[in-house]
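Residue numbering for the sequence shown follows full-length UniProt numbering, starting at 1 and increasing by one per position.
Read the structure below first, then the notes.
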Amino acid sequence: MNRFIKTTILLLSIALASCEDVIDVPVQTGPTRLVVEASLDWEKGTAGNEQSIRLSNSTAFFDTTSNTAVTGASVKVTNDSSGAEFVFADLNTGEYATSSFVPVIGQSYTLEIIHNGETYSAQETLMGVPDITELFQDTADGFDDEILEAHIVFTDPPEEGNYYFFRFEKQGELLPDFEVGDDEFVNGNEVDWWYEIEEADDENDVRQPFAAGDVLDIDMYGISEAYNNYITILIDQIGGVGIFEATPVSVKGNCINLTNPDNYAQGYFRLTEFNRTSYTFE
1 MNRFIKTTIL
11 LLSIALASCE
21 DVIDVPVQTG
31 PTRLVVEASL
41 DWEKGTAGNE
51 QSIRLSNSTA
61 FFDTTSNTAV
71 TGASVKVTND
81 SSGAEFVFAD
91 LNTGEYATSS
101 FVPVIGQSYT
111 LEIIHNGETY
121 SAQETLMGVP
131 DITELFQDTA
141 DGFDDEILEA
151 HIVFTDPPEE
161 GNYYFFRFEK
171 QGELLPDFEV
181 GDDEFVNGNE
191 VDWWYEIEEA
201 DDENDVRQPF
211 AAGDVLDIDM
221 YGISEAYNNY
231 ITILIDQIGG
241 VGIFEATPVS
251 VKGNCINLTN
261 PDNYAQGYFR
271 LTEFNRTSYT
281 FE
């Protein structure tokens, strides 16, 4: 009997092994495009003069070895009212930097990039952000009234059409969370924005709700309506694709190619003022 069982297992193993085939999944590839990471963010309480822009080339989905840094480009940002130009020096790493930028709330700026004989351009307005007036913890307002949430309190300006972008990162976690909001229903009022980490319902999600001693890093940005629309789509895609979620698509930013419009750039040119703070749970 034992010999019969061993023989049967051996034959079954051979049969299963013979059925294993390597499946080569074809991935559709598109043209290589310039990727623009141009976030000129002015932290409250600082001069905001030191800014950087990163340029790279897009790559195939499974390509993790190529050097994508773009060097040798000409990069500058212009104040559309005064005409002041801020030239970003090539650091030969794909990063371009300046220490002379002058941020002005409500001012429009134009980004110009010249690369491979083509000129890319984007225009954006530097948006302000209100002060954070209070930080506290509670359990009353979240989706689960038994776990801790952080509360960020601020007063929305009376002008209509204010948009906000939040970056939350629990210290010790690998990735941050992003949220966006606007003042459609709270214009000119005090706002209590809360954030929590719910109990994981996915075995691959190892994040845990907040506990005493946890530290949450918080960035709150004032953003334009156009950037709000752009980042909302990206946040939806970061969340994964479910039955009621958006299908990932190539999202165009605001960087256009003046020389060859079909060869548009990916990425976005944004200008924001932001608050940076942290909260330690008790």
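Glycine included, C-beta positions come from ideal geometry on N, C-alpha and C.
The structure displayed is predicted, hence computed values, not measured ones.
Using a C-beta cut-off of 8 Å, the region 155-164 makes contact with the region 186-196, since at least three inter-stretch Cβ pairs fall below that distance. One thing to note: Leu271 has its Cβ no nearer than 7 Å to the Cβ of Glu95. Secondary structure at Glu198: coil, using DSSP grouped into helix, strand and coil. With a minimum length of 3 residues, the unbroken runs of beta strand (DSSP E) contained wholly in the region 138-169 fall at 149-155. Your pair Asp182 and Asn228 checks out as a contact, with CB atoms roughly 7 Å apart and the cut at 8 Å.
Secondary structure of Leu234 (DSSP, three-state): helix. Judged by pairs of C-beta atoms under 8 Å, the region 163-172 touches the region 206-221, as three or more such pairs exist. Within the model, the alpha-carbon separation for Ala150 versus Ile114 is close to 44 Å.
With contacts defined as CB atoms closer than 7 Å, Thr232 and Val180 qualify as a contacting pair.
Per the C-alpha coordinates, the member of Glu273, Asp262, Arg276 and Leu258 positioned closest to Ala122 is Leu258. By the criterion of a C-beta distance shorter than 8 Å, Ala89 is surrounded in its chain by Tyr96, Ala97 and Thr98, once the five residues flanking it on both sides are discounted. DSSP lists Arg270 as the bridge partner or partners of Ser39. In this structure Gly267 is not in contact with Glu112, their Cβ atoms being roughly 15 Å apart against a cut-off of 8 Å. Ranked by Cα distance from Phe274, the first of Asp131, Lys76, Arg33 and Thr68 is Asp131. In the structure shown, Ala226 falls within a helical segment according to DSSP collapsed to helix, strand and coil. Residue environment for Lys170: buried (at least 16 other C-beta atoms within 10 angstroms of its C-beta).
Excluding the 5 residues flanking it on each side, Ser56 has same chain C-beta neighbours closer than 7 Å at Val35, Thr68, Ala69, Val70 and Gly94, in chain order.
Taking every protein chain shown into account, the CB of Ala265 has 16 or more other CB atoms within 10 angstroms, so this residue is buried.
One Cα belongs to Gln208, the other to Ser82, and the distance between them is close to 50 Å.
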